[in-house]
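Trainee: Following this message is one structure expressed as structure tokens.
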Amino acid sequence: MDLRRLLDFPGRVSGRLLVVPVVLIVVITVAGMVSPSDVHLSPLLVIAPALTASFAGPWRTAIIGAVAVGADALVTALNGGVGTANHVWQFTALVVLSALVVFFCYLREEHSQQLSRVRVVAETAQRVLLRPPPERVGPLRVAWRYLTADADAQIGGDLFAVVRTGRNRSRVIIGDVRGKGLAAIGEASVVLGAFREGARHCETLPALVQAMEDSVGADIEDAGETEQDPGEHFVTTLVLDLHDTSGQGTMINCGHPPPLLLRDGRVTVLHSSAPAPPLGLAGLYVPGLHCDAFAFADGDTLLLYTDGVIEARSPQGVFYPLAERAAAFPQAGPEKLLRHLLQDMTAHTGGRLSDDVAVVAIEQVPAPVPTAGAGVLLT
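Here the sequence shown is numbered in my numbering, starting from 49 and rising by one per residue.
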């Protein structure tokens, strides 16, 4: 849902909807004037401020409440009942109920504004922490999507990053922290910090992953919610090295779902021949991390994802068949690929997510052909 559209709802719509309580006040007032003296319709005027509070703010609700109170006084005066005990009690009840409606409308407005501020802060935190990659990184076209299972959170335990190393290559990570939602933010920040630091300084992919394991193993317990979640803390990750001109890439899979390679309408699952344990489980590590090489030529697309995608279930309990569906999507660039993917996954699940979802599509773009006179400065 677009938060700006939600917040703009009162300004755009409630002005027109105010016609409804005003018409109700007029109808009830006219009916009260023409009805027999023993029929009292004035108490129905409280419907107007109560209805207004459902779509407008406290000030507009207070105005409608004041109009309703005035209409009650008018009906009573015309019927000659001013000063009677019945009128006093009805008038008092209308004033009290209108005031209560305005008060609770004010509390709702304050809560709504506070929630909006929290969502803006969460979205800003996501941008700062993830630092989403640009659409173009070297010879790569990149697109990404991030969905959280927690409707009130804009960030969770999934992570990804693309770093340009300056050595004619790009390094990519996608990972999934054990757990989800806001409690996993601290652990995700540890992994991303270690990756960004090591991606530019470590010569080889095994050295990078080992540096990440050292950092995560030392800091993840401090960053995680150990009191609320005393279990093991680890992060499944997939780290890739994509060279600009070699036509291939290498990867180390640390317990993460394997990436998909899309080429000419075919989908290949890039399984690791010797996957490593997730980061944070240093006791399970053995010396030597195995790199898996794969062809990654011009026009190829890598689809990276977290397990929230393949574990997404339909109302009947059927897992989402990512590889099968990806083969049917049109090959029209990373952005359209992810758009089709999320639309299809949403239709499969009925719009319900049980886990955070992160997907990244990376396309190798052919290098531009040099043109005559390129690089010549004319004065």
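Every residue, glycine too, gets a C-beta built ideally from N, C-alpha and C.
Where do the N-terminal and C-terminal ends of the beta strand (DSSP E) with F344 fall, by residue?
Mentor: Counting along the chain, F344 falls outside any beta strand (DSSP E), and DSSP gives it neither H nor E.
Trainee: Among A96, I73, E411, D224, which has the Cα closest to the Cα of L350?
Mentor: Of the listed residues, the one whose Cα sits closest to L350 is E411.
Trainee: Quick check: the Cα distance between V315 and E157, rounded to an integer number of angstroms?
Mentor: Going by the C-alpha atoms only, they are around 50 Å apart.
Trainee: Measuring alpha carbon to alpha carbon, tell me which of S362, W192, Q296, G347 ends up nearest K495.
Mentor: Since the displayed the chain opens at 49 and closes at 427, residue 495 lies outside it and no answer follows.
Trainee: Out of H338, L89, L390, E261, which has the shortest C-alpha to C-alpha gap to E235?
Mentor: Minimum Cα distance to E235 is reached at E261.
Trainee: Indicate whether the contact test is met: 3 or more Cβ pairs, each with one atom in the region 342–362 and one in the region 143–157, closer than 8 Å.
Mentor: Counting Cβ pairs under 8 Å, fewer than three are found: no touch.
Trainee: Thinking just about the alpha-carbon of each residue, which of V71, L155, L327 is nearest to the one in I95?
Mentor: The option with the nearest alpha carbon to I95 is V71.
Trainee: Of all the options V210, I112, V238, which has the alpha carbon lying nearest to the alpha carbon of A147?
Mentor: Of the candidates V210, I112, V238, the one whose C-alpha sits nearest the C-alpha of A147 is I112.
Trainee: Expressed to the nearest angstrom, what Euclidean distance is found between the alpha-carbon atoms of V408 and D289?
Mentor: For V408 and D289, the distance between alpha carbons rounds to 15 Å.
Trainee: Please state whether DSSP places Y24 in a helix, a strand or coil.
Mentor: Limits of the chain in this structure are 49 at one end and 427 at the other, which puts residue 24 out of reach.
Trainee: Would you mind sorting V287 into buried or exposed? The rule is 16 or more other CB atoms within 10 Å of its CB.
Mentor: Buried, because 16 or more other Cβ atoms sit within 10 Å of the Cβ of V287.
Trainee: Should M299 be labelled buried (16 or more other beta-carbon atoms within 10 Å of its own) or exposed?
Mentor: The residue is buried, with at least 16 neighbouring Cβ atoms inside 10 Å.
Trainee: Does A341 come within less than 8 Å of chain B when only Cβ atoms are used?
Mentor: Judged by its chain identifiers, the structure shown contains no chain B, having just a single protein chain.
Trainee: Using only the alpha-carbon positions, how far apart do D120 and P106 sit?
Mentor: Computed Cα separation, rounded: 21 Å.
Trainee: Going by C-alpha distance, which of H291, R64, G297 is nearest R217?
Mentor: The residue with the shortest Cα to Cα distance from R217 is H291.
Trainee: Identify the residues that DSSP records as bridge partners of A411: which are they?
Mentor: The amino acid at residue 411 is misidentified as Ala; the sequence shows Glu. E411 is bridged to R189, T349.
Trainee: Tell me the rounded alpha-carbon separation between V220 and A247.
Mentor: Distance between the alpha carbons of V220 and A247 is about 9 Å.
Trainee: In angstroms, rounded to a whole number, what distance separates the CA positions of V68 and Q138?
Mentor: In a straight line, the C-alpha of V68 is about 23 Å away from that of Q138.
Trainee: Using CA coordinates, which residue listed in H396, L122, L99, I76 is at the minimum distance from G365?
Mentor: The option with the nearest alpha carbon to G365 is H396.
Trainee: Which residue from P97, R108, T132, S102 puts its Cα closest to that of A116?
Mentor: Nearest option by C-alpha distance: P97.
Trainee: Answer yes or no: do L89 and S83 have a C-beta to C-beta separation smaller than 8 Å?
Mentor: Taking 8 Å as the Cβ cut-off, L89 and S83 qualify as a contacting pair.
Trainee: What residue does the beta strand (DSSP E) around V225 start on, and which one ends it?
Mentor: Start and end: 217–225.
Trainee: Under 7 Å Cβ to Cβ from T427, same chain only, skipping five residues before and after it: list those, please.
Mentor: Since pLDDT at T427 reaches only 29, below the 50 mark, its modelled position is unreliable, and no value is offered.
Trainee: Where does Q296 sit, in a helix, a strand or coil, going by DSSP?
Mentor: The answer is strand: DSSP assigns Q296 an E or B state.
Trainee: Pick from V87, H159, V143: whose alpha carbon is nearest that of A127?
Mentor: In the sequence as presented, Ala is not what sits at residue 127; that position holds Asn. It is V87.
Trainee: How long is the line joining the alpha carbons of G186 and P414, rounded to whole angstroms?
Mentor: In a straight line, the C-alpha of G186 is about 11 Å away from that of P414.
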